[in-house]
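A.B. asks: Numbering (mature numbering (1 follows the signal peptide of the UniProt record, and there is no 0)), first residue to last: -20 to -1, 1 to 105. We put the CB at the ideal spot given by N, CA and C, even for glycine.
Set out below in structure tokens:
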């Protein structure tokens, strides 16, 4: 029984110590010491330049619309389609130069969607 009382007393002490050191919950962010994270050094800037080849038609398209934009009775969509709601799947080449046959640096794979009703805006993933 004495061990149980001692154990409970230690637990209560630790819980009270932890709860007294916490903040009031108002601050969800706090400044950090950049030196502790090794961020005190000057950052190196790198500029990447690639060319994205988005081929929409022909025998080997790299972008295919899998969901066309929804056309409603709204005159906005009939007169000025922004591709809102359209979804395309992509597997596009990223090359070092404008020419399609230049050095292949990578592939842009995923999908993008028309994301604005009144202007041209796309969201990709």
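Check whether the Cβ atoms of residue 85 and residue 74 sit closer than 7 angstroms, and answer yes or no.
C.D. replies: yes
A.B. asks: What does a CB cutoff of less than 8 angstroms around residue 34 pick up in its chain, not counting 5 residues either side in sequence?
C.D. replies: Residues 42, 43, 70, 72 of the same chain have their beta carbon placed closer than 8 angstroms to that of residue 34, with the five preceding and five following residues left out of the count.
A.B. asks: What separation, rounded to the nearest whole angstrom, lies between the Cα atoms of residue 21 and residue 11?
C.D. replies: 18 angstroms
A.B. asks: Measure the CB-CB distance between residue 67 and residue 93 and report whether it falls below 7 angstroms.
C.D. replies: yes
A.B. asks: Over the uninterrupted beta strand (DSSP E) stretch that includes residue 84, give me the two end residues.
C.D. replies: 84 to 94
A.B. asks: Looking at C-alpha atoms only, which residue of -16, 32, 26 is the closest neighbour of residue 78?
C.D. replies: 32
A.B. asks: Terminal residues of the continuous beta strand (DSSP E) containing residue 75?
C.D. replies: In this chain, the beta strand (DSSP E) harbouring residue 75 covers 67 to 75.
A.B. asks: What separation, rounded to the nearest whole angstrom, lies between the Cα atoms of residue 8 and residue 29?
C.D. replies: Because the pLDDT of residue 8 is 48, which lies under 50, any placement of that residue in the model is unreliable, and the number read from its coordinates should be weighed accordingly. Approximately 37 angstroms, taken between the alpha carbons.
A.B. asks: For residue 38 versus residue 50, is the C-beta spacing smaller than 7 angstroms?
C.D. replies: no
A.B. asks: So what's residue 44 in DSSP terms, helix, strand or just coil?
C.D. replies: DSSP places residue 44 within a strand segment (E or B) once states are collapsed to three.
A.B. asks: Who are residue 33's beta bridge partners in DSSP?
C.D. replies: 73
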